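These protein sequence lines map, in sequence, to chains A and B.
Take 647 as the starting number for the first sequence in the numbering used here and just add one per residue.
Take 19 as the starting number for the second sequence in the numbering used here and just add one per residue.
We put the beta carbon where it would ideally sit given N, CA and C, even for glycine.
Quick caveat, the model's predicted, so the values are computed rather than measured.
In what follows, a single structure is set out as structure tokens and then discussed.
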Amino acid sequence: MTLPGTFILRRLLIALPSLLGISIVLFTVLALAPGDPFGELATNPNIPPEVAANLRRQFGMDDPVPVRYLRWLTAMLHGDWGFSFASRINVDTLIMQRLPTTIMVIGSSQLLALLIALPVGIYAATRPYSLFDQIANTLTFIGFSLPTFFTGLLLILVFSIQLDWLPFVYRSDVNASGWRFYAEHFRQAIMPVAVLGLFQAASWTRYVRSAALDVIRLDYVTTARSKGLKERTVVVKHVVRNALIPVVTLIALQIPAIFGGAIVTEQIFRVPGIGSLLISAILANDTPVIMAVTFVFSCLVITFNLVADILYGWLDPRISLG
Amino acid sequence: MAGSTLASRSGSPAEAANRAPTVSLAQDIWRRFKRHRMALIGALILLVIVVGVAIGPWLWTVPINAIDFTARLKPPSWQHPFGTDDLGQDLLARMLYGGRISIAVGLAAMTIAIVAGTIVGAIAGMSRGIVDTFLMWLTDLFLSLPQLPLLLLIIYLFHGALKKMVGPETGVFIMIVVVIGGFRWMPVARLVRAQFLSLREKEFVEAARALGASRLRQVLRHILPNAFGPVIVAGTIDIAAAIIAESTLSFLGLGFPPDIPTWGRVLYDAKDYLDIAPYWALFPGTLIFLTVLSINYIGDGLRDALDPRRVL
């Protein structure tokens with residue numbers, strides 16, 4: 647099944663204004679903020695006022711806001727993200743070092759969430775109010791009521807401190823080679839991925855279950871059954887695909903929350919990703935890094951929204967043709 | 019929705035239809051809410067927690083910041099039922115006090131989210147054309163903002179100025195409440211708009227219009243009260259979300275200062291002592307979990323109780 651190219655193009659064109667909107671929100675926040683990067687220079691008695699004023703002019707701090715916004719946006723789009731005060735390297739280098747880890751952790755946790763949510767949600771929906779359904783329901787409620795920071799601490803307490811099975815600090819420089827290297831990486835990724843994945847799995851299971859419940863009693867499913875199709879075929883081929891349509895929408899709405907959870911998880915397990923970079927930059931007052939990381943998070947959210955949109959069109963051809 | 023299966027088993031259309039005609043709306047909702055067993059248990063647990071933090075500090079009068087180095091990191095005992103932290107401060111007292119702040123943040127942020135969401139949703143739902151399109155674009159934009167990074171950014175940029183203006187405690191409180199509420203109005207706005215779109219075409223609104231009711235009166239007297247069921251449910255869930263958001267900020271060390279021991283803040287202080295004092299992290303964590311779980315179950319029960327499909 648292929649998608650019409652115009653559909654994908656149209657989605658891309660819709661994504662662009664949102665990216666612009668987000669960049670405007672970001673810049674407004676920055677422009678409204680009291681004090682500016684040169685505030686410290688202005689109050690420092692060792693720097694003559696002429697020098698401070700010169701610096702301000704050089705960096706264009708006195709220009710009108712729209713001009714500053716356009717300059718900031720073009721710099722962002724050119725990958726010219728400035729210089730980290732704290733780490734003494736270019737911000738884009740810093741982020742590129744950290745980004746793969748974040749993507750890896752988020753990606754595998756979402757995969758884990760999907761592998762749990764789809765079968766459990768569908769199975770529960772085919773047997774509503776059964777014992778399995780009730781247990782699954784209770785577990786999902788517990789799952790999304792447990793904040794990620796508490797689950798993380800609980801896992802550390804049980805698996806690192808009590809049982810001493812897993813390391814609780816994520817290290818990028820694993821001291822091993824060959825398959826042991828990968829085994830170590832796998833071992834230290836288990837807990838962060840589990841924390842994020844289980845949290846997502848809980849809410850997704852609920853979505854899948856209720857969406858499948860709405861579909862499963864529809865006439866076309868009864869028709870499929872009465873044709874003598876196997877129950878398995880009916881569920882997998884007829885129910886799941888239609889049930890996934892609302893699920894994709896709900897998941898797309900959750901994408902910002904996923905990145906929020908990633909920041910917390912990275913901070914707990916000291917995963918060297920962009921989330922922990924953001925926290926350390928805030929604690930170190932490293933404004934260029936903070937702005938750039940927030941911008942990267944916005945771009946990631948938009949990208950994943952786009953992916954969800956395209957997936958949506960694939961699941962429901964009516965949308966991409968309409 | 020003929021033939022669809024309801025999200026939970028409590029209540030059935032037949033029972034609702036057989037009820038005595040003299041039952042008031044509130045009693046009716048309560049009857050259906052009661053049938054959701056977990057929601058009832060949740061309401062009970064939440065009541066205990068709320069009453070506990072409301073009157074607790076008067077009953078347990080140990081000061082929250084009395085430093086006692088002879089009683090450092092003591093596990094729970096009769097003298098300190100929740101144990102003590104690394105400065106020998108009594109954790110029960112801190113938890114009771116912090117619970118007030120955590121719950122107050124949840125309620126205040128929820129109020130902001132509901133008021134803002136209702137206003138945006140009502141305006142969008144009543145006006146057609148460009149205003150509606152713009153407001154919905156704004157809602158979608160806010161929905162796709164990366165909330166936690168932006169929350170952190172705003173707090174980083176603004177907290178110094180607010181601290182100077184209204185003092186550290188109120189400053190942080192106001193900022194956290196406004197920012198959390200400001201990022202949670204979108205679902206409410208969507209719900210309210212959807213309700214308005216269908217309600218404004220209903221006959222009773224048309225009747226009010228025919229009687230010469232002004233637009234404002236139509237909205238306030240006729241449409242809004244009927245649109246409020248889903249909003250109440252969303253508001254309930256928002257309290258839980260706001261409590262988690264505040265705890266997350268405090269847990270990252272970027273929310274309340276150490277002298278305001280909200281549950282998230284206590285957890286932040288405790289996380290480096292997990293190996294020697296696990297109880298220190300377990301108490302606040304469990305309290306956050308129980309509060310959020312109860313609120314989520316109450317929301318679920320309210321959803322069933324307020325669901326108009328049951329009354330039909």
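Among the candidates the options, whose CA atom is the shortest distance from the CA of residue i?
i: Y315 (chain B); options: B:E264, B:V251 and B:T102; result: B:V251
i: L723 (chain A); options: A:M742, A:S776, A:S669 and A:R744; result: A:S669
i: I331 (chain B); options: B:P205, B:I194 and B:E187; result: Coverage of chain B is limited to positions 19 through 330, which leaves residue 331 (chain B) absent and any answer about it impossible.
i: I313 (chain B); options: B:T254, B:W281 and B:S145; result: B:T254
i: P205 (chain B); options: B:Y291, B:D86, B:I130 and B:V41; result: B:I130
i: S733 (chain A); options: A:L665, A:G874 and A:S926; result: A:S926
i: V970 (chain A); options: A:M750, A:D962 and A:I948; result: Because residue 970 (chain A) is not part of the residues shown, which for chain A are 647 to 968, the question remains open.
i: P765 (chain A); options: A:V886, A:R657 and A:G824; result: A:V886
i: G143 (chain B); options: B:R283, B:L242, B:E264 and B:R227; result: B:L242
i: T674 (chain A); options: A:G651, A:L758 and A:L719; result: A:L719
i: T784 (chain A); options: A:E877, A:G874 and A:T851; result: A:T851
i: I901 (chain A); options: A:G728, A:L678 and A:V947; result: A:V947
i: G200 (chain B); options: B:V41, B:V190 and B:L169; result: B:L169
Pick helix, strand or coil for residue i, following the three-state DSSP scheme.
i: N951 (chain A); result: helix
i: N605 (chain A); result: Because chain A spans 647 through 968 in this model, residue 605 (chain A) falls outside it and cannot be assessed.
i: T869 (chain A); result: helix
i: T280 (chain B); result: coil
i: D104 (chain B); result: coil
i: F915 (chain A); result: helix
i: F729 (chain A); result: strand
i: N736 (chain A); result: strand
i: H240 (chain B); result: helix
i: S944 (chain A); result: helix
i: Y775 (chain A); result: coil
i: P99 (chain B); result: coil
i: N314 (chain B); result: helix
i: E219 (chain B); result: coil
i: P81 (chain B); result: coil
i: L758 (chain A); result: helix
i: F201 (chain B); result: coil
i: F684 (chain A); result: Note that F684 (chain A) has pLDDT 48, beneath the 50 cutoff, so the model's placement of it is unreliable and the number below is only indicative. Of the three classes helix, strand and coil, the one that applies to F684 (chain A) here is coil, per DSSP.
i: H54 (chain B); result: coil
i: H177 (chain B); result: helix
i: R146 (chain B); result: coil
i: H884 (chain A); result: helix
i: V41 (chain B); result: coil
i: G271 (chain B); result: coil
i: K92 (chain B); result: coil
i: A295 (chain B); result: coil
Drop a sphere of 10 angstroms on the beta-carbon of residue i, count the other beta-carbons inside from all chains shown, and report buried for 16 or more, exposed for fewer.
i: F176 (chain B); result: buried
i: G60 (chain B); result: buried
i: G116 (chain B); result: buried
i: M56 (chain B); result: buried
i: S922 (chain A); result: buried
i: L655 (chain A); result: exposed
i: L659 (chain A); result: exposed
i: V66 (chain B); result: exposed
i: T102 (chain B); result: buried
i: Q213 (chain B); result: buried
i: V149 (chain B); result: exposed
i: P279 (chain B); result: buried
i: E219 (chain B); result: exposed
i: M937 (chain A); result: buried
i: M183 (chain B); result: exposed
i: I333 (chain B); result: With chain B running from 19 to 330 in the structure shown, residue 333 (chain B) is simply not present.
i: S664 (chain A); result: buried
Which of the residues in the region 199 to 215 of chain B, read from start to end, lie with their CB under 8 angstroms from any CB of chain A? Hits within the stretch: zero.
Listed in chain order, which residues of the region 798 to 809 of chain A have Cβ atoms closer than 8 angstroms to some Cβ of chain B? Residues of the region 798 to 809 of chain A that bring their beta carbon within less than 8 angstroms of a beta carbon in chain B comprise L799, L800, I802, L803 and I807, in sequence order.
Please name the residues in the region 298 to 329 of chain B whose beta-carbon is closer than 7 angstroms to at least one beta-carbon of chain A, in chain order. Of all residues in the region 298 to 329 of chain B, A299, G303, I306, F307, V310, L311, N314 and Y315 have a Cβ within less than 7 angstroms of some Cβ in chain A.
Just to confirm the assignment: which complete alpha helix (DSSP H) runs, minimum length 4, are found wholly within the region 790 to 868 of chain A? The alpha helix (DSSP H) runs of length 4 or more contained entirely in the region 790 to 868 of chain A are, from start to end of the chain, 794 to 801 and 825 to 862.
So if I threshold CB-CB distances at 8 angstroms, which residues from the region 63 to 74 of chain B count as touching chain A? So the list is empty, because no residue satisfies the distance condition.
What residues from the region 145 to 157 of chain B come within 9 angstroms of chain A, judged by C-beta to C-beta, listed N to C? The region 145 to 157 of chain B vs chain A, Cβ under 9 angstroms: W155 and L156.
Under 8 angstroms, CB to CB, which of the residues in the region 252 to 279 of chain B have a partner in chain A? Within the region 252 to 279 of chain B, the qualifying residues are A258, I262, S265, T266, F269, L270, G271 and L272.
Going along the region 86 to 105 of chain B in order, which residues come within less than 9 angstroms of chain A, judged by CB to CB distance? Cβ contacts with chain A come from no residue of the region 86 to 105 of chain B.
Taking a cut of 8 angstroms between CB atoms, which residues from the region 883 to 904 of chain A lie near chain B? The residues in question are L899, I901, P902 and A903.
Quick one, which residues of the region 828 to 848 of chain A are near chain B if we go by CB-CB under 8 angstroms, in chain order? Closer than 8 angstroms at the C-beta level to chain B, one finds no residue of the region 828 to 848 of chain A.
Would you list, in chain order, the members of the region 780 to 793 of chain A that have their beta-carbon closer than 7 angstroms to a beta-carbon of chain B? Under the 7 angstroms Cβ criterion, the region 780 to 793 of chain A contributes F787, I788, S791, L792 and P793.
Listed in chain order, which residues of the region 734 to 764 of chain A have Cβ atoms closer than 8 angstroms to some Cβ of chain B? Correct list: empty, as no residue qualifies.
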